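Residue numbers (my numbering): 73 to 263.
Think of the CB as a built atom: it goes at the ideal place given N, C-alpha and C, for glycine as much as any other residue.
Note that this is a predicted model, so its numbers are computed, not measured.
This report concerns only the one structure given below.
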Amino acid sequence: MKNIIVVALTTSWKIPPAKSLIARREEVSTSEWSLDANDTVGFTEGVKSSKFVPAEISTPVAILKGHKSIVNTTVVHPNLPLIFTAGIEKSITLHSPFPSSPFTRQLSPTPQEVRQLPESEDLKESQVVDSLLLGQDPQYTDDPDEVEKDTIRLFDRFLRMEGEADPFKVRIRPTDDDRDDEMEEEVIGDR
């Protein structure tokens, strides 16, 4: 059987054989599942069936670096050992386990540095974000990369606002008050 590698944006994991994954998954009965109030993700065949929590693969095979900000697109070539990544920057990064081959020549190693998110915004970031919020174009200098830098500054602001929230833990769920409001609206609307 072939090795299967899964790439999720910039992190790659080697998928163990199916037998290993099945042996390591956790089966949770319906009664236990309804008592468990955490945000565990599980899979089931139906509401009254057992839930299966997949095994976690925590150690990645590789982490693809080389971007200044968030990577939002990853494309794996279907036949060649190539992975392309792109984000808010204007460049697309080509990753390969080999420095060259018949289809690529003299690839430079991907930079290993990771740009850290600045802890607080600087004056330039404030000016860029404020002008964008007011619907004005930021004032660019003769530097052709300034537009890209401003885009990165804007995304830095978003990241600081959003934090590192786990989407499974912060998803919005209706409260009882929300349901009461909906019920009142339905009753009023039916009159």
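Setting aside the 5 residues that flank it on each side, S121 is surrounded in the same chain by T102, each with a C-beta closer than 8 Å to its C-beta; the list follows chain order. In chain order, L154, I155, F156, T176, L179 place their CB closer than 8 Å to the CB of L166, counting only its own chain and leaving out the 5 sequence neighbours on each side. In the three-state scheme derived from DSSP, where H, G and I count as helix and E and B as strand, S106 is classed as helix. Beta-bridge pairing by DSSP links A158 to T145, I164. Counting along the chain, E218 sits inside the alpha helix (DSSP H) bounded by residues 218-234.
Note: T176 is bridge-paired with S173 in the DSSP secondary-structure output.
DSSP places K196 within a helical segment (H, G or I) once states are collapsed to three.
I94 counts as exposed, since fewer than 16 other C-beta atoms from the protein chains shown sit within 10 angstroms of its C-beta. Here DSSP, grouped into helix, strand and coil, assigns I135 to strand. Apart from sequence neighbours up to five positions away, the residues of its chain that approach I224 with a beta-carbon distance below 8 Å are K140, S141, I160, E161, ordered along the chain.
Inter-segment contact for the segment 179-190 and the segment 198-212 is absent: fewer than three beta-carbon pairs are separated by less than 8 Å.
By alpha-carbon distance to E193, the top candidate from L231, P174, E218, K86 is L231. Where S84 is concerned, the enclosing beta strand (DSSP E) starts and stops at 83-87.
Taking the Cα positions, K123 is about 34 Å away from H149.
Between the C-alpha atoms of K91 and K196 there is a straight-line separation of about 54 Å.
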